[in-house]
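Those protein sequence lines, which keep their order, are chains A and B.
The numbering used here puts the first sequence at residues -15 to 307.
The numbering used here puts the second sequence at residues -15 to 307.
Note that the Cβ used here is the ideal one computed from N, Cα and C, for glycine as well.
For clarity, every value in this text was computed on a predicted model and none was experimentally measured.
Here is the structure we will look at.
Protein chains: 2
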Amino acid sequence: MAGVEEIYIPDYDDVLKAHERIKPYIHRTPVLTSSFMNELTGAELFFKCENFQKAGAFKVRGASNAVFGLPDDMLAKGVATHSSGNHALSLSYAAGRRSIPCTVVMPKTAPEAKKAAVRGYGGNIVECEPSTSSREAVFAEVVAESGADFVHPYNDPRVIAGQATCSLELHVDAGPLDAIVAPIGGGGMISGTCLTLSNISPDTKIYAAEPKNADDAYRSFKAGHIIADDAPQTIADGLKVPLKDLTWHFVSHHVEDILLASEKEIIDAMYLTWQRMKIVMEPSSAVPLATILKNKDLFAGKRVGIIITGGNVDLAKLPWMAS
Amino acid sequence: MAGVEEIYIPDYDDVLKAHERIKPYIHRTPVLTSSFMNELTGAELFFKCENFQKAGAFKVRGASNAVFGLPDDMLAKGVATHSSGNHALSLSYAAGRRSIPCTVVMPKTAPEAKKAAVRGYGGNIVECEPSTSSREAVFAEVVAESGADFVHPYNDPRVIAGQATCSLELHVDAGPLDAIVAPIGGGGMISGTCLTLSNISPDTKIYAAEPKNADDAYRSFKAGHIIADDAPQTIADGLKVPLKDLTWHFVSHHVEDILLASEKEIIDAMYLTWQRMKIVMEPSSAVPLATILKNKDLFAGKRVGIIITGGNVDLAKLPWMAS
């Protein structure tokens, strides 16, 4: 466990500082309720809508906290990351707001729409081959050349403190919750949720929701150590990445359980939410509702928060249209 | 103009009473903003999201006001209407909440999903042939037999006073506006908007947005009397109906102008809103943004409210997927 002792574990004071720091650059997203969903699940649900967040996802919280916390002497060199998802968009957005350079290493096979969105926020894309080895080599080169600060998508205390502001707002706006359910991929959102609630609402049980097809966090949780899958396949494409030491710290200490949902259950929950709540959200965001629907006993009669993590989908290719 | 003198024209006191009456049965829907949309239009836009409303549309305001304002001796006979759209859903919802009968006359050709939704709220469907003559004959029979109170989808002072609560909330939550743009079909929402704002914010200019393919309100406005089209074809299917005497009263007295948008402009504005604001809304709801985008000079630098009227769409048949 030597590695764990070397990393800085953010505390609640970091969360409060993050919230003050990022407030001008993020939306205070609304908390929606639905009597239909309450009747369906038997629970009282509070949906924190980060799909309405800047850049379309909660990731802008952590990215903004890292960018706006950078000391002045680091500004000229800017920030860098590797991601083809919401973290790339979010870091580009935040860097753009602070007018500092942002470089994103992305596989050349990433969708053009994602690349265009990163560039739209002012991000600079360096392409790599679609393999881990190429990505790491290219990224190392970028950092060596630019001296940019690496902002990891989740295994970074600044990022986790930023994501932690989401459950803080939910707690304030919805009132104390019996439970909260958030998706788990690398564990950044869940870690932030653990960080906040273990401090301000230790009785709230924290559940992580994971696709059965990418259940590495579930298996890690049961085994008591990190297990990483090589290339899981799930429609919830934000949830394919593995836990790392910092997120494992929070998951192993504060998560009540990890619940799984099949691809069909995820798509059904996504469709139902679009249809009844009229919100556009990503497949990843549907995993919590899918797990609540198949574990009703666990949540019946309880006040339950759900994090809708993002809304960046391709509207021309919706999963219920797949033939 | 003899007809106009016989009808009761609701006043602002009716709006305040309606708001108190319906509050327990409706959502206070959020007002969303989008820096992307502000940059795109050059205006500061405030989107009042009635797509998140109970039954998925603003129509529940007027329907609830009619249903919960019914005197006790009318309750047993219930309410009735003819509609295959959001008013049918809304009246069924409101009647269900008050546990009184609700009969809806619908063409037998109406989509099964719509019929199922009406029945889901407890409404009783009587089918007619898909013609005006059959609808009127069947509806007259229903009312004669049941003695039910007819709640017209828009040409009813109770309904207009109910719809008027929407712009009241928007005015309070967003602050005073320079202009407001709402879709126009039969004119219920626009009339309610005129009723509220002419009383509490007479400097706010009220624009109605209409599909070019169903421009009967536009032509009525220019001609100075009601012109009704027979069977206009537009993707904005909530906006096909003509003005009536009561809504004409408000439109002719208080509307600044009626702006038109083509089918393509409506679909483009709808897609853009889904993509950037992550909300599911009907084609009708996209007409205001479409008209703002083609009349930028009119709104540049102004604080502009937009009513997103509803979110009831068939997710399996989205217009940008049409081949």
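Quickly, what does DSSP pair A/Ile380 with across the bridge? List them, please. Outside the displayed span of chain A (-15 to 307) sits residue 380 of chain A, for which this structure offers no information.
Exposed or buried, A/His3, counting other C-beta atoms within 10 Å across all chains shown (16 or more means buried)? As a first step, residue 3 of chain A must be located in the first sequence, where it is residue number 19. Buried, since its Cβ has 16 or more Cβ neighbours within 10 Å.
Output, in chain order, the set of chain A residues within a Cβ distance shorter than 8 Å of B/Tyr255. Indexing the second sequence from 1 puts residue 255 of chain B at position 271. Under the 8 Å cutoff, chain A gives Leu299.
Could you work out which residues of chain B lie near A/Ile219, taking near to mean beta carbons separated by less than 8 Å? Position 235 of the first sequence, counted from the first residue, corresponds to residue 219 of chain A. Going along chain B, no residue has its Cβ under 8 Å from A/Ile219, so there is no contact; the nearest lies around 16 Å.
Within 10 angstroms of the Cβ of A/Pro226, are there 16 or more other Cβ atoms? Answer buried if so, exposed if not. Residue 226 of chain A sits at position 242 when you count from the first residue of the first sequence. Label assigned to A/Pro226: buried.
If you draw a straight line from the alpha carbon of B/Val156 to that of B/Pro14, how long is it in whole angstroms? Within the second sequence, the letter at position 172 stands for residue 156 of chain B. Within the second sequence, the letter at position 30 stands for residue 14 of chain B. So the alpha carbons of these two residues sit roughly 12 Å apart.
With DSSP as the reference, label B/Ile(-9) as helix, strand or coil. Locating residue -9 of chain B in the second sequence gives position 7, where the first residue counts as 1. Here B/Ile(-9) sits in coil by DSSP.
Quick one: which chain A residues come within Cβ less than 7 Å of B/Met333? As shown, chain B starts at -15 and ends at 307. That puts residue 333 of chain B outside it, with no answer to give.
Proximal residues to B/Lys196 (C-beta, below 7 Å), its chain only, five neighbours per side dropped: As a first step, residue 196 of chain B must be located in the second sequence, where it is residue number 212. Leu244, Ala245 and Ser246, listed in sequence order.
Partners in chain B for A/Trp304, counting only beta-carbon separations shorter than 8 Å: Position 320 of the first sequence holds residue 304 of chain A. Leu299 and Ala300, listed in chain order.
Suppose contacts are defined by Cβ-Cβ distances below 9 Å. Is B/Leu75 in contact with B/Ala100 by that definition? Here residue 75 of chain B corresponds to residue number 91 of the second sequence, with the count starting at 1. Here residue 100 of chain B corresponds to residue number 116 of the second sequence, with the count starting at 1. No; because the gap between Cβ atoms is not below 9 Å, this pair is not in contact.
In the DSSP assignment, find the alpha helix (DSSP H) that holds A/Ala94 and state where it starts and stops. Looking up residue 94 of chain A in the first sequence gives position 110. A/Ala94 -> no alpha helix (DSSP H), and no H or E assigned at all.
Please decide whether B/Gly222 counts as near chain A, where near means a Cβ-Cβ distance under 9 Å. In the second sequence, counting from the first residue as 1, residue 222 of chain B sits at position 238. False, the Cβ-Cβ gap to chain A never drops below 9 Å.
Starting from the beta carbon of B/Phe36, find every residue of chain A whose beta carbon is closer than 7 Å, and list them in chain order. Working through the second sequence from its first residue, we reach residue 36 of chain B at position 52. The answer, in chain order, is Leu16 and Lys262.
According to DSSP, simplified to helix, strand and coil, what is B/Asn139? Translated into positions along the second sequence, residue 139 of chain B becomes position 155. B/Asn139: coil per DSSP, three-state reduction.
So does the segment 25 to 43 of chain A actually touch the segment 283 to 298 of chain A, counting three or more Cβ pairs closer than 8 Å? yes
Can you tell me whether B/Asp56 is buried or exposed, with buried defined as 16 or more other CB within 10 angstroms of its CB? Here residue 56 of chain B is taken as the residue at index 72 of the second sequence, counted from 1. Exposed is the call here.
Once DSSP output is grouped into helix, strand and coil, what is the label at B/His237? Counting from 1 along the second sequence, the entry for residue 237 of chain B is found at position 253. In the structure shown, B/His237 sits in a helix (DSSP, three-state: H, G or I).
May I have the straight-line CA-CA distance separating B/Glu113 from B/Val126, to the nearest angstrom? Counted from its first residue, the second sequence places residue 113 of chain B at position 129. Counted from its first residue, the second sequence places residue 126 of chain B at position 142. Their backbone Cα atoms lie some 14 Å apart in a straight line.
Using 9 Å as the threshold, is the C-beta distance between A/Ala215 and A/Pro(-6) below it? By 1-based counting over the first sequence, the position of residue 215 of chain A is 231. By 1-based counting over the first sequence, the position of residue -6 of chain A is 10. No.
Residues that A/Gly107 contacts on chain B, provided the C-beta gap is smaller than 8 Å: Taking the first sequence and counting its residues from 1, one reaches residue 107 of chain A at position 123. By Cβ distance, chain B contributes nothing, its closest Cβ being about 16 Å from A/Gly107, past 8 Å.
List the whole-angstrom C-beta distance separating A/Cys178 from A/Ile190, where the pair is believed to meet the contact cut-off of C-beta under 8 Å. Start at 1 with the first residue of the first sequence, and residue 178 of chain A comes out as number 194. Start at 1 with the first residue of the first sequence, and residue 190 of chain A comes out as number 206. That pair is a contact at about 6 Å.
Among B/Ser185, B/Pro272 and B/Leu256, whose alpha-carbon lies nearest the alpha-carbon of B/His238? Position 254 of the second sequence holds residue 238 of chain B. When each option's Cα is compared against that of B/His238, the closest is B/Ser185.
When the distance is taken between beta carbons, is A/Phe20 closer than 9 Å to A/Arg287? Locating residue 287 of chain A in the first sequence gives position 303, counting from the first residue. Locating residue 20 of chain A in the first sequence gives position 36, counting from the first residue. No, Cβ-Cβ distance for A/Arg287 and A/Phe20 is not below 9 Å.
Helix, strand or coil for A/Lys32 per DSSP? Walking along the first sequence from the start, residue 32 of chain A turns up at place 48. Three-state DSSP puts A/Lys32 in a strand.
Check whether the Cβ of B/Met21 lies closer than 9 Å to any Cβ atom in chain C. The chain labelled as chain C is not found among the protein chains of the depicted structure, namely A and B.
Taking only three categories from DSSP, how would you classify B/Thr87? For this step, residue 87 of chain B is matched to residue 103 along the second sequence. Correct three-state label for B/Thr87: strand.
CB-CB length for A/Glu28 against A/Cys150, believed under 8 Å: Numbered from 1 along the first sequence, position 44 holds the residue referred to as residue 28 of chain A. Numbered from 1 along the first sequence, position 166 holds the residue referred to as residue 150 of chain A. Not quite, the Cβ-Cβ distance comes to about 19 Å (not below 8 Å), so this is no contact.
Counting only beta-carbon separations shorter than 9 Å, does B/Met(-15) have a partner in chain A? Taking the first residue of the second sequence as position 1, residue -15 of chain B is located at position 1. Residue confidence for B/Met(-15) is low, a pLDDT of 41 falling below 50, so the modelled location carries little weight and cannot support an answer.
Chain-ordered chain B contacts of A/Gly295 [CB-CB under 8 Å]: The residue given as residue 295 of chain A occupies position 311 in the first sequence. Near A/Gly295 (Cβ distances below 8 Å), the residues of chain B are Lys262.
Using a beta-carbon distance below 9 Å, is A/Ile291 in contact with chain B? In the first sequence, counting from the first residue as 1, residue 291 of chain A sits at position 307. No, its Cβ sits nowhere closer than 9 Å to a Cβ of chain B.
Counting only the same chain and skipping the five closest in sequence on each side, list residues whose C-beta sits under 8 Å from that of A/Gly62. Numbered from 1 along the first sequence, position 78 holds the residue referred to as residue 62 of chain A. Excluding residues within five positions, the ones whose Cβ falls inside 8 Å are Ala79, Ile84, Pro85, Cys86, Thr87, Ser130, Ala132 and Asp133.
Pick helix, strand or coil for A/Arg82, following the three-state DSSP scheme. The sequence position of residue 82 of chain A within the first sequence is 98, counting from 1. Looking at A/Arg82 - three-state DSSP - the assignment turns out to be helix.
Runs of alpha helix (DSSP H) wholly within the segment 221 to 292 of chain B (minimum 4 residues, chain order): 229 to 238, 247 to 261, 267 to 278 and 280 to 283
For the ligand MG, is there any heavy atom lying closer than 8 Å to the beta carbon of A/Leu227? This structure does not include the ligand MG; it has no bound ligands of any sort.
Other residues of its chain near B/Gly176: CB distance less than 6 Å, five sequence neighbours each side excluded: Sequence index remark: in the second sequence, residue 176 of chain B carries index 192 (1-based). Excluding positions up to five away in sequence, the list reads Ile144, Gln147 and Ala148.
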